[in-house]
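Heads up: the structure comes next, in structure tokens.
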Amino acid sequence: MELKFTILILNGLTQAAILFVLGSGLTLAFGLMRVVNLGHGAFYMLGGYLGWSVVKATGNWPLALIVGGLAIALLGLLFEKTMLGRVRGRDLPETLLTVALSMIISDICLIFWARTAITLNVPQYLNPPITLLGLTYPGFRYLMMAISIFIAVSLWVILYKTNLGRAVRAGVDDRETVSALGININKIYSIVFVLSALLAGLAGVLGGSYLQLSPGGDTTILTLSLVVIIVGGMGSLLGAVVSSIILGQIMSFGLAFAPQYSYFLIFIPMALVLALRPQGLFGRQI
Amino acid sequence: MSFMRNNTIKSIFYVIATILLVLLPFYVGQYTVTTFIRIIYFGFLSLSMGFLIGQGGMVSLTQTAFFGLSGYIIGLFGVERGLIFPWPDLMAIGAVLILAFLFGIIAMRTHKIVFLMITLAFGQVCWAFAAQNTTILRGWSGIRGIRPFVIYGINFNEYQNFYWASLVLFFLSVFILWRITKSPFGLALNGIRENPKRMAAIGYPVYWIRVVAFLIAAVYAGLGGILAAYNTGIIMPTTIQLSRTIWVLLTVILGGASYFFGPIVGTAIAVWLDVLISGVTERYNLVIGVIFLLIVLFSPTGVIGIFDTLRKDKKFTITNIFSFKKRRYIQKHKRRW
Amino acid sequence: MMKKLLLIVTIVMITSMLLSACGVPAVAPAPAEPAAPAAVGEIKIGMISAFTGLFSGFGEMQKQGAVLALEEANYMAGGKKIVLIMEDDQLDNEQAITKSKKLVEQDKIDILTGMVSGDEGLAVADYMKDKNIPVIPMYSASEDITMREFHPMIVRTTWTGAQSMDVFGYWLATQKGWKKVYQIGEDYSYPWNQGGGFMRGFCRGGGEEVTSVWSPPGSTSDFSSMIASIPLDQGYDAVLYNGGGGDAVNFVKQFVELGYHKKIALIGQSNTFEKPDLDALPADIVGAYSPHHTADDLNTPEWNTFKEAFNKRWGRNPSAASEFAYSSMRVILRAIDALNGDISDKTALVDAMLKVDMTDDPRGPVSLDPKFHAAIGNVYIREVSKAEDGTLYNKGIWTVKNVSQFGPYDPDTYLKQPIDGNTYPPQKCSDFPPEMLEAANIYEFVEFGK
Chain A
3 MELKFTILIL
13 NGLTQAAILF
23 VLGSGLTLAF
33 GLMRVVNLGH
43 GAFYMLGGYL
53 GWSVVKATGN
63 WPLALIVGGL
73 AIALLGLLFE
83 KTMLGRVRGR
93 DLPETLLTVA
103 LSMIISDICL
113 IFWARTAITL
123 NVPQYLNPPI
133 TLLGLTYPGF
143 RYLMMAISIF
153 IAVSLWVILY
163 KTNLGRAVRA
173 GVDDRETVSA
183 LGININKIYS
193 IVFVLSALLA
203 GLAGVLGGSY
213 LQLSPGGDTT
223 ILTLSLVVII
233 VGGMGSLLGA
243 VVSSIILGQI
253 MSFGLAFAPQ
263 YSYFLIFIPM
273 ALVLALRPQG
283 LFGRQI
Chain B
6 MSFMRNNTIK
16 SIFYVIATIL
26 LVLLPFYVGQ
36 YTVTTFIRII
46 YFGFLSLSMG
56 FLIGQGGMVS
66 LTQTAFFGLS
76 GYIIGLFGVE
86 RGLIFPWPDL
96 MAIGAVLILA
106 FLFGIIAMRT
116 HKIVFLMITL
126 AFGQVCWAFA
136 AQNTTILRGW
146 SGIRGIRPFV
156 IYGINFNEYQ
166 NFYWASLVLF
176 FLSVFILWRI
186 TKSPFGLALN
196 GIRENPKRMA
206 AIGYPVYWIR
216 VVAFLIAAVY
226 AGLGGILAAY
236 NTGIIMPTTI
246 QLSRTIWVLL
256 TVILGGASYF
266 FGPIVGTAIA
276 VWLDVLISGV
286 TERYNLVIGV
296 IFLLIVLFSP
306 TGVIGIFDTL
316 RKDKKFTITN
326 IFSFKKRRYI
336 QKHKRRW
Chain C
633 MMKKLLLIVT
643 IVMITSMLLS
653 ACGVPAVAPA
663 PAEPAAPAAV
673 GEIKIGMISA
683 FTGLFSGFGE
693 MQKQGAVLAL
703 EEANYMAGGK
713 KIVLIMEDDQ
723 LDNEQAITKS
733 KKLVEQDKID
743 ILTGMVSGDE
753 GLAVADYMKD
763 KNIPVIPMYS
773 ASEDITMREF
783 HPMIVRTTWT
793 GAQSMDVFGY
803 WLATQKGWKK
813 VYQIGEDYSY
823 PWNQGGGFMR
833 GFCRGGGEEV
843 TSVWSPPGST
853 SDFSSMIASI
863 PLDQGYDAVL
873 YNGGGGDAVN
883 FVKQFVELGY
893 HKKIALIGQS
903 NTFEKPDLDA
913 LPADIVGAYS
923 PHHTADDLNT
933 PEWNTFKEAF
943 NKRWGRNPSA
953 ASEFAYSSMR
963 VILRAIDALN
973 GDISDKTALV
983 DAMLKVDMTD
993 DPRGPVSLDP
1003 KFHAAIGNVY
1013 IREVSKAEDG
1023 TLYNKGIWTV
1033 KNVSQFGPYD
1043 PDTYLKQPID
1053 GNTYPPQKCS
1063 DFPPEMLEAA
1073 NIYEFVEFGK
């Protein structure tokens, strides 16, 4: 019985890992730019599909991770430069553009990739069964947790230890003043959006290896990432960490004890947060 | 053009349009009438979302859930309990009001983009519940066999009768909503859209005005849901899924969110587009997505906005439709929403 | 300002009406009988399916099968030209009904076919009830289409959810001697029906218990917590995963990753290990059983011909969904042939379909039940195996011939039972109504390929 609970907690952490990578990207873009990227799920899908093609062609999984992430980052850059930038500062058109983009991307995925479920093959050296404390658990899941911790730490370093991060945080508080100080806020916007897209692409490759990719998966992913940032507080990195851990555990234990309502259960913390603290656990009043 | 002449032309237009719409079933095929019924019920839904966006500056993505809720109530009480008209329909509107009130008092504490996300989340909660509740709402299977009634000897199963009934309801509802936007309440709502803090300072109960606007919009979505349930005969979780919500948002933007009639025009165009494209290509979503993108980028005031700009430009000729002048004009007026 | 807008609205309305007048042939309100095609005219077949969205994979395979059958007939039957009109319903009920209306009201189709998911099939069948147009569901497996909600214009040449699973459950209980099975299923009508069939067969064969756990379809991503909750110490003989598509890939992958395939046997429903999803599954599941009406290594001349033609046309191997579409379309074409192209009497058309000789069907001989218009055909018990080139395929091991949608039951007894759901049939075999356990065995297990 104890063994079962250990597995459930580990599962919850694995889920939390993927939720964090997704949610941190979204929350980053939201915090600074006030853009809710509703194309986040589509970015995830496209990243996963690109990674799948790379694995199929070369069999090299780490390369897939890099290609998937960078390709989506590039897409994000193009999208930000050519479209998002044109309507900057008006949140509705910005959001609508991301919606349009997500419709286009998910339809393009239908053209180029199989319409059935596909999954990225993780090579054996990345996925050895690891036995810890008498419990065998797939190595790739530990790797995912490690990657997500690495991402969390890097984001923290970027945000709190570099000049870029200082500018970003200052931009979150007061855009006008930052511009007045001579910092090119547009450039910072681009960097943040690209970073957010990069995270979505990475999440896609990770998710496509640990789960599967199939048409229509983007809305589920988008919903999950939205729940993460609503619970954690929009724009808060710490919030994304905490809420993805909470939600991961809820999903894991929900599937074990009330599977029929497992998907519905993740909305309960969201409802509680909205009713009691609308800005989210670690969000500031908006 | 003198004022009088202009007015006469307009009046003639309205009369002709009304006559054409009323007599529609006599001179077009059945499917065209079906399409107009679709325009009407999606028009309700779109109007509901457009009213909140255009008049109140609130992008609510929960409206589809109200649309679906009234369909579920019709299914639950009309089909499974066998209640007769108008009880299921009244209960549907009642249920929509209750749910909208509950959502409204929470969601109205937030503004702008946060409001959008919270209503999106509410919509997804409703969808998840409908899809996973197998005991009452029948999960993915939904409720089948919803049929319109025979009232006073008029059989609304006949598509013509159903069309006329929907049309009358639609004209009435649009008129009422139009009056609401012109009433002091509507003006207060417009004020809140522009500057909620100032309105609060003047002494308006900003929060409650917004809640009431949300309730009004929900009723319109609910009315559309009733018509849709009767027309399709079935209610399923797919009715309230996210892609539907996004499609409705598209219709609002397509027509022009800042115009009262924008959502209706947008719905008419989008539904006809659906009919025309779907026979030609499977890449329907791609086409829609690109149109959406172009509209947001180049004509944020939608189709009506384009017309309006062209009309205002005195030197308008065929050759300068795509000239830079107009773009500058649009840019100047972009900040409407 | 407002007036101007009204004017514009009016203009748009009128334009759209004009558009409609041009785009849609303006005819008087539909006559009672759908416009019968002229003697030299063409016959229109409407096909409605999910070409985008969650089940688009099945929709595409269905399309390929149907198109192949039409191309083999050169789009001609009974001396008339056949026109196939395809519509995508995006797996959305509102779209499904709208597109059916479009096919019926605007295109004036003579026959409606297609449909992937069970709920979609039920919705369309409900709408088509009073339309006097034959409806031929393809992969949609809800048994009620040809049972409790049957109407005489429906002909189903394919399957119901319970049909293959009843045989499977019975086989496991009698031949393997299994007593307890732990079922994890997707929570919607098609898996309920598959699970229902399985439980009836299993209990009738002497099983004791089928414990069932359900999870929402399409939104559960990580099943490992459900897998970790499987009680390994309570004497279960196997885990039945009752789901298909993306969910099945997730489940099976995680089952293997957590090492459960070494601890307990895994079996599946008809779609779990079906190609092409099978290609995404790990090779460790070799040996897993599942039932279907096709098997990848069928070695009959009919199957080989079909497989070759399909490969030539589409560059891939056929799946059950494409075979079902192919065979449904062939039945339609042959019925039109039998009537020499005169299909004005729709009842006669349905009768002709019921009389079509389907003994040369690629998946094995099929006949149609004259009362409920449902298919009676072979069920194959299959085992996941590894081909020489390392890919997985479903190898047939046993054949049961002439299985009806009611299994061994008398239709009246069967129809008295509630509809399969997530609470019915009961999980313990002892709670079954006795008449459901008493039916005599009519299944004859023949070694595959004999």
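Protein chains in written order, with my numbering: chain A, 3 to 288; chain B, 6 to 342; chain C, 633 to 1082. Every residue gets a Cβ at the ideal spot worked out from N, C-alpha and C, and that includes glycine. Quick caveat: nothing in here was measured; it's all calculated off a predicted structure.
Should B:P242 and B:W169 be called a contact, given that it needs their Cβ atoms to be closer than 9 Å? Looking up residue 242 of chain B in the second sequence gives position 237. Looking up residue 169 of chain B in the second sequence gives position 164. Cβ atoms of B:P242 and B:W169: not closer than 9 Å.
Just to confirm before moving on: does the CB-CB distance between B:V253 and B:Q68 stay below 9 Å? Taking the second sequence and counting its residues from 1, one reaches residue 253 of chain B at position 248. Taking the second sequence and counting its residues from 1, one reaches residue 68 of chain B at position 63. The answer is yes: Cβ separation under 9 Å.
Rounded C-alpha distance that separates A:V37 from A:T100: Along the first sequence, one-based indexing puts residue 37 of chain A at 35. Along the first sequence, one-based indexing puts residue 100 of chain A at 98. When rounded, the distance between both Cα atoms is 9 Å.
Is it right to say B:Y157 is buried, meaning 16 or more other beta carbons lie within 10 angstroms of its own, or is it exposed? As a first step, residue 157 of chain B must be located in the second sequence, where it is residue number 152. That one is exposed.
In whole angstroms, what separates the C-alpha of C:S1017 from that of C:A952? Your numbering for residue 1017 of chain C matches position 385 in the third sequence. Your numbering for residue 952 of chain C matches position 320 in the third sequence. When rounded, the distance between both Cα atoms is 17 Å.
Closest to C:I729 by C-alpha separation, out of C:T932, C:S681, C:K885, would be which residue? Counted from its first residue, the third sequence places residue 729 of chain C at position 97. When each option's Cα is compared against that of C:I729, the closest is C:S681.
Could you check whether the segment 92-108 of chain B touches the segment 265-274 of chain A, counting it as contact only if at least three pairs of C-beta atoms, one from each stretch, sit closer than 8 Å? no
Mapping DSSP to helix, strand and coil, what is B:A22? Indexing the second sequence from 1 puts residue 22 of chain B at position 17. Residue state, collapsed to three classes: helix.
For A:S238, three-class secondary structure by DSSP: Against the first sequence, residue 238 of chain A aligns to sequence position 236. Coil.
Under 7 Å from the C-beta of B:Y36: neighbouring residues of chain C: By 1-based counting over the second sequence, the position of residue 36 of chain B is 31. Chain C residues near B:Y36: V656, K733, K734, E737, Q738.
May I have the straight-line CA-CA distance separating A:D109 from A:G53, to the nearest angstrom? Indexing the first sequence from 1 puts residue 109 of chain A at position 107. Indexing the first sequence from 1 puts residue 53 of chain A at position 51. Computed Cα separation, rounded: 18 Å.
First through last residue of the beta strand (DSSP E) which encompasses C:S764: Your numbering for residue 764 of chain C matches position 132 in the third sequence. Contrary to the premise, residue 764 of chain C reads as Asn rather than Ser in this sequence. Counting along the chain, C:N764 falls outside any beta strand (DSSP E), and DSSP gives it neither H nor E.
Ignoring anything shorter than 4 residues or poking outside the segment 666-714 of chain C, list the alpha helix (DSSP H) runs there in chain order. 688-704
So is the beta-carbon of A:L257 under 8 Å away from any non-hydrogen atom of the ligand FMN? Absence of the ligand FMN from the depicted structure is noted, as is the absence of any ligand whatsoever, leaving it without description.
Three-state secondary structure assigned by DSSP to C:K895: One-based indexing of the third sequence puts residue 895 of chain C at position 263. DSSP places C:K895 in coil when its eight states are reduced to three.
Any beta carbon from chain B within less than 9 Å of A:D176's own beta carbon? Position 174 of the first sequence, counted from the first residue, corresponds to residue 176 of chain A. For A:D176, the answer is no, since every Cβ of chain B falls outside 9 Å of its Cβ.
State the DSSP-derived secondary structure class of A:V159, mapped to helix, strand or coil. Your numbering for residue 159 of chain A matches position 157 in the first sequence. A:V159: helix per DSSP, three-state reduction.
Can you give me the C-alpha to C-alpha distance between C:G900 and B:A223, rounded to a whole angstrom? Taking the first residue of the third sequence as 1, we reach residue 900 of chain C at position 268. Taking the first residue of the second sequence as 1, we reach residue 223 of chain B at position 218. So the alpha carbons of these two residues sit roughly 45 Å apart.
Bounding residues of the alpha helix (DSSP H) (the contiguous stretch that carries B:T286): For this step, residue 286 of chain B is matched to residue 281 along the second sequence. Premise fails: B:T286 is in no alpha helix (DSSP H) and is neither H nor E.
Per-residue burial, A:E82 [other beta carbons within 10 Å of its own, 16 or more giving buried]: Residue 82 of chain A sits at position 80 when you count from the first residue of the first sequence. A:E82 is buried by the Cβ-count criterion.
Among the candidates B:T115, B:T186, B:C131, B:E287, whose CA atom is the shortest distance from the CA of B:L52? By one-based count along the second sequence, residue 52 of chain B stands at place 47. It is B:T186 whose Cα lies nearest to the Cα of B:L52.
Taking all protein chains shown into account, decide if C:I862 is buried (16 or more other Cβ within 10 angstroms of its Cβ) or exposed. Position 230 of the third sequence, counted from the start, is the residue given in the question as residue 862 of chain C. C:I862 should be labelled buried.
With DSSP collapsed to three states, give me the class of C:P663. As a working mapping, residue 663 of chain C is identified with position 31 in the third sequence. Its pLDDT being 36, under 50, C:P663 is placed unreliably in this model, and the coordinates cannot settle the point.
Which residue comes first and which comes last in the alpha helix (DSSP H) that contains C:W946? The sequence position of residue 946 of chain C within the third sequence is 314, counting from 1. Its alpha helix (DSSP H) spans residues 933-946.
Whole runs of the beta strand (DSSP E) within the segment 759-830 of chain C, excluding any shorter than 3 residues: 767-769, 812-818
Residue burial classification, B:W92 (beta-carbon count within 10 angstroms, cutoff 16): Within the second sequence, the letter at position 87 stands for residue 92 of chain B. Result: exposed.
A:W319 - DSSP class collapsed to helix/strand/coil: Outside the displayed range of chain A (3 to 288) lies residue 319 of chain A, so it cannot be described from this structure.
Which one or two residues does DSSP pair with C:F1077 in a beta bridge? As a working mapping, residue 1077 of chain C is identified with position 445 in the third sequence. C:F1077 pairs with C:V1032.
Have a look at C:G837 and C:Q815 and give me their C-alpha separation to the nearest angstrom. Counted from its first residue, the third sequence places residue 837 of chain C at position 205. Counted from its first residue, the third sequence places residue 815 of chain C at position 183. Each residue's Cα considered, the two are about 17 Å apart.
Pick out whichever of C:P1058, C:K1060, C:Q1049, C:A1007 has its Cα sitting closest to the Cα of C:N1034. Translated into the one-based positions of the third sequence, residue 1034 of chain C becomes position 402. Ranking the options by Cα distance to C:N1034, first place goes to C:A1007.
Can you give me the Cβ contacts of C:L864 inside the same chain, cut-off strictly under 7 Å, excluding the 5 residues immediately before and after it? To locate residue 864 of chain C, count along the third sequence from 1; it is residue 232. Closer than 7 Å at Cβ, skipping near neighbours: K895, I896.
Is the segment 88-107 of chain A touching the segment 289-305 of chain B, taking contact as three or more C-beta pairs under 8 Å? yes
Extract the residue ranges of the alpha helix (DSSP H) inside the segment 837-914 of chain C, only unbroken runs of 4 or more that lie entirely within it. 856-860, 877-889
Could you check if C:F687 is buried or exposed, using at least 16 other CB atoms within 10 Å of its CB as the buried criterion? As a first step, residue 687 of chain C must be located in the third sequence, where it is residue number 55. Label assigned to C:F687: buried.
Rounded straight-line distance, which links the Cα of A:S198 to that of A:V69: Start at 1 with the first residue of the first sequence, and residue 69 of chain A comes out as number 67. Start at 1 with the first residue of the first sequence, and residue 198 of chain A comes out as number 196. Whole-angstrom Cα-Cα distance: 15 Å.
Where the beta strand (DSSP E) through C:H924 begins and ends: The residue given as residue 924 of chain C occupies position 292 in the third sequence. Where C:H924 is concerned, the enclosing beta strand (DSSP E) stretches over 921-924.
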